[in-house]
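Just so you know, we're using numbering that gives the first Met the number 0 here: the sequence shown kicks off at 0 and counts up by one.
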Amino acid sequence: MEHLLEANGIKMYFGGVHAVDDVSLYVDSGETLGIIGPNGSGKTTFFNALTGIYKPTGGTFIFRGKDITGKELDKMAGLGIARTFQNLRIFNALTVKENALIGQNLNIKTSFLDNLLHTPKFKQEEEKASALVEEALELVGLKNMDNEIAGSMPYGKQKRLELARALMCEPRLLLLDEPTAGMNSVEAQELMELVAKIKEEKQISIILIEHNMKVMMRVAQRIVAMDNGHKIAEGLPEEIQNNEHVIRAYLGGQ
Ligand SMILES: Nc1ncnc2c1ncn2[C@@H]1O[C@H](COP(=O)(O)OP(=O)(O)OP(=O)(O)O)[C@@H](O)[C@H]1O
Ligand SMILES: [Mg+2]
0 MEHLLEANGI
10 KMYFGGVHAV
20 DDVSLYVDSG
30 ETLGIIGPNG
40 SGKTTFFNAL
50 TGIYKPTGGT
60 FIFRGKDITG
70 KELDKMAGLG
80 IARTFQNLRI
90 FNALTVKENA
100 LIGQNLNIKT
110 SFLDNLLHTP
120 KFKQEEEKAS
130 ALVEEALELV
140 GLKNMDNEIA
150 GSMPYGKQKR
160 LELARALMCE
170 PRLLLLDEPT
180 AGMNSVEAQE
190 LMELVAKIKE
200 EKQISIILIE
210 HNMKVMMRVA
220 QRIVAMDNGH
230 KIAEGLPEEI
240 QNNEHVIRAY
250 LGGQ
């Protein structure tokens, strides 16, 4: 069977810094793959290379059978990969709805002229966008909060808003970079229950970068461990948790 996503020998070098070095992994449909590793081990850089923020120094990304290496996913409407960022990227002065719509704009199919002339196509897209916003906000538990100013909401809600924005482009694969960072354990648990629910409902696959091992053990079917840009282990959560190489990598980093 074809994997949903295949990363083959990905390298991301910044001069002499080998941030990601020959990493291969795959994700199947409906699967949650975890990526763990000490600070600076190359996890975020792997996402950045996958989403076209950087063009990989080497290797290929194959998504649904198609080579997407180096493609800027933001510009590839409807491809089906969405991500959230390690640091909040919310526009504080905008409303919840406006922030969510930024996700949809990446996926809009009307021309400048359609927008200018408010053609039927424009109205159609606008209605579709509104329906999508409503659905996405409901999914993340922010129903009826469209008009709140994003910056005035508590941190946990802002994180949910980012998730809603990612869902606006109706992804098949969702990349989550430390979604529970900065949350207490109750908030973290709530967020991950939400992610699990969305995954089931929407039938999406997830790659989750997460330091919180408790969270990771609960939601990931398979885990890849990284250290110094390399993949050092891959396996079931309980295998990874007891893997000597992994334990050493984490202890060494402290
Ligand atoms: N644009 C860049 N230019 C130069 N070096 C970079 C760049 N981006 C990342 N790096 C380096 O690549 C390495 C991996 O960084 P990365 O952010 O991917 O780690 P990480 O595993 O996500 O860490 P953390 O758990 O702290 O988020 C680090 O040494 C970092 O300094
Ligand atoms: Mg990171």
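Glycine included, C-beta positions come from ideal geometry on N, C-alpha and C.
Owing to the predicted nature of the structure, the values given are computational and were not obtained by experimental measurement.
Check the Cα spacing between G228 and each of I206, E189, T44 and T118: the tightest is with T44. Taking every residue with its beta carbon within less than 6 Å of a heavy atom belonging to ligand 1 gives, in chain order, F13, V16, A18, G36, N38, G39, S40, G41, K42, T43, T44 and Q85.
Set against 8 Å, the gap from the CB of I206 to the closest heavy atom of ligand 2 is not smaller. Beta-carbon to beta-carbon, M182 and L173 are separated by about 18 Å, too far to satisfy the 8 Å threshold.
Of the residues assessed, P153 falls on the exposed side of the cut-off, its CB having fewer than 16 other CB atoms within 10 angstroms.
Measuring C-alpha to C-alpha distances from Y53 to each of G15, I9, T94 and I101 identifies I9 as the nearest. Proximity of the beta carbon of D176 to ligand 2 is indicated: a heavy atom of the ligand is located closer than 8 Å.
Sixteen is the threshold: since fewer than 16 other Cβ atoms of the shown chains lie within 10 Å of the Cβ of F90, the residue is exposed. Proximity to V16 across G41, F60 and L4 peaks at G41, based on C-alpha coordinates. For T50, there is no enclosing beta strand (DSSP E), since its DSSP letter is neither H nor E.
Listed in chain order, the non-local C-beta contacts of R159 below 8 Å within the same chain comprise V139, G140, L141, L190 and L193, local neighbours out to five positions each way being set aside.
Taking a contact as a CB-CB distance under 8 Å, the pair T68 and D145 does not count as one, their CB atoms being some 37 Å apart. Looking from the CA of M167, the closest CA among T59, G79, A48 and Y25 belongs to G79. In this model, S129 and L100 are separated by some 8 Å (Cα to Cα). If you compare the alpha carbons of L4, K96 and L175 with that of N143, the shortest gap goes to K96. Non-local C-beta neighbours of G29 in its own chain, meaning closer than 7 Å and more than five positions away in sequence, comprise Q202 and S204, ordered along the chain.
Taking a C-beta distance under 9 Å as the contact criterion, L32 and V223 qualify as a contact pair.
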